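Notes follow the structure.
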Amino acid sequence: MNADTIRQMIEAGLPGARAQVQGEDGVHFEATVVAEAFAGKLPLARHRMVYATLGDQMGTDIHALALKTLTPEEAARAG
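Laid out in structure tokens, this is it:
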């Protein structure tokens with residue numbers, strides 16, 4: 008598994024989402040995901056939405072995924 012594959016899976020599973028994924032060892036990754044679909048949702052619900060895009064890869068090929076999930080408005084305020 009690599010960061011670009013994870014980015015593609017997230018962006019395909021959350022239409023309109025933009026993802027940045029990093030991970031050097033092939034099993035532990037960090038991702039920042041910006042999606043309008045996160046509006047009005049609590050962090051846990053946002054994370055579940057991202058995990059759903061990765062399906063069975065979570066826990067098998069991806070051992071850990073640290074997530075930062077933002078709406079476009081939140082991303083614009085963050086910098």
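Residues 8 to 86, numbered by our numbering, are exactly what the sequence shown covers, in order. All residues carry an ideal CB built from backbone N, CA and C; glycine is no exception. Bear in mind the structure is a predicted one, so any value in this text is a computation, not a measurement.
Here the C-alpha atom of L61 lies approximately 12 Å from the C-alpha atom of A38.
With the rule of 3 Cβ pairs closer than 8 Å, the region 27 to 45 counts as touching the region 66 to 73. Exclusion of the five residues before and after A19 leaves T60 as the residues of its chain whose Cβ lies within less than 8 Å of its Cβ.
Closest by C-alpha distance to K48, out of D63, E81, G66 and T67, is E81. Counting along the chain, no beta strand (DSSP E) covers E80; the unbroken alpha helix (DSSP H) around it starts and ends at P79 to A85.
Listed in chain order, the non-local C-beta contacts of Q27 below 6 Å within the same chain comprise T39, local neighbours out to five positions each way being set aside. Taking each of A10, I13 and A44 in turn and checking the Cα distance to A24, the smallest one comes out for A44.
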